[in-house]
Amino acid sequence: MSGDAPKDVRPQSITVVTLTRYRPVLVQRAMRSVRAQAVDVPVRHLVLIDDSEETRAALSAVAGEFPGCEIRYVPREPHEKSGPGRSSRLRNLGVRLADSTWIAYLDDDNEWTPDHLQSLLDCAREHGSRAVYSEVGLLDKDGAPYLEPRWPWANSVTEAERMYAEYVAKGVCVPGSNVIKDRPGTFDVPVDTSAWLLARELLLDVPFEEEFSADDAEGLVSEDDKLYYRLVRGGEPMACTGRATLRYYLGGYSNSGETVDPRERDSIAWASD
1 MSGDAPKDVR PQSITVVTLT RYRPVLVQRA MRSVRAQAVD VPVRHLVLID
51 DSEETRAALS AVAGEFPGCE IRYVPREPHE KSGPGRSSRL RNLGVRLADS
101 TWIAYLDDDN EWTPDHLQSL LDCAREHGSR AVYSEVGLLD KDGAPYLEPR
151 WPWANSVTEA ERMYAEYVAK GVCVPGSNVI KDRPGTFDVP VDTSAWLLAR
201 ELLLDVPFEE EFSADDAEGL VSEDDKLYYR LVRGGEPMAC TGRATLRYYL
251 GGYSNSGETV DPRERDSIAW ASD
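Take 1 as the starting number for the sequence shown in full-length UniProt numbering and just add one per residue.
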């Protein structure tokens, strides 16, 4: 695969894709974050509501506050459940619905600093890359910096402490800091979906994988993990801004069951049927 920046001769633009289900209030923080971006290209925010009439009604009531935002309702088939497979299908749908040169994703429970998109765009221009990303600042669900000496994505406290120690040794984690640092040549920490700016043409060639196995479920392998490793295996040149402009709130289904809506706790399917 070529590492050149998008060859599309049209003026550059960005579509931000956000998926949401049972978070009609929380997603508005993400919407405000996109609205606050200071960037030198047009930005369209595409919010895909995952089969929730409650959320559709709530966002319809505030749609006038977000003139650059398009809100779409996406119904589910009876067999579909929440999990990385469903998220991948919606992320790929967002790419197909977009007509921009660039795609960014912002999960409904996260937010960006106002210079996030501009710093990514500057990085892409500097490196001529189709795949650029930011560093990540981890926050607890109340917005305080996450400073625990444990890796949040683990199946036990013992595993979390072991993984954290390994990442400290590699320079990915720094005691006393909530930032996940980018370490060139270290490929065992995938890029979070909300940290990326990706050329749309790249995502059309390398879409999110929609099938997940029982081993993926055991290892907490999500759609962003699979995308990252496909890009690595394909030799896609990637560049990092070196700035923690993604504010990542812990508590999603990949690292905690605490903030998963009660209606979802028994209906999350990691592995594909």
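Ideal Cβ positions, reconstructed from N, Cα and C, are used throughout, including at glycine. Values in this document were obtained by computation on a predicted structure and should not be read as measured data.
Asked	Found
Buried versus exposed call for Gly94 [16 or more other C-beta atoms within 10 Å across all chains shown]	buried
Distance, Asp51 Cα to Gly185 Cα	40 Å
Boundaries of the alpha helix (DSSP H) in which Cys123 is found, first to last residue	His116 to His127
Segment limits, beta strand (DSSP E) that includes Glu70	Cys69 to Val74
Beta-carbon gap between Leu138 and Leu220 smaller than 9 Å	no
Anticipated Cβ contact below 8 Å, Asp224 with Asp192, distance rounded	6 Å
Alpha helix (DSSP H) segment containing Tyr229, residue limits	Glu223 to Arg233
Reduced DSSP category for Tyr146 - H, G, I as helix; E, B as strand; rest coil	coil
Beta-carbon spacing of Trp112, Gln12 below 9 Å	no
Per-residue DSSP class, three states only, for Asp50	strand
Cβ distance (whole Å) where Val34 is taken to contact Val43 below 8 Å	7 Å
Nearest to Thr55 (by Cα), restricted to the options Pro67, Glu236 and Ile71	Ile71
Close beta carbons around Arg21, own chain, < 6 Å, minus the five adjacent residues each side	Asp50 and Ser52
Three-state class that DSSP yields for Glu111 in the structure shown	strand
Classification of Phe187 by the beta-carbon crowding that lies within 10 angstroms, buried from 16 upward	exposed
Presumed contact (8 Å Cβ cut-off) between Trp196 and Ala124, rounded CB distance	Trp196 to Ala124, Cβ: 11 Å. No contact.
Three-state secondary structure assigned by DSSP to Arg183	coil
C-beta atoms of Thr18 and Asp142 nearer than 9 Å	no
Residues bridged to Cys173 [DSSP beta-bridge criterion]	Paired residues: none, contrary to the question.
Reduced DSSP secondary structure (H/G/I, E/B, other) of Leu246	strand
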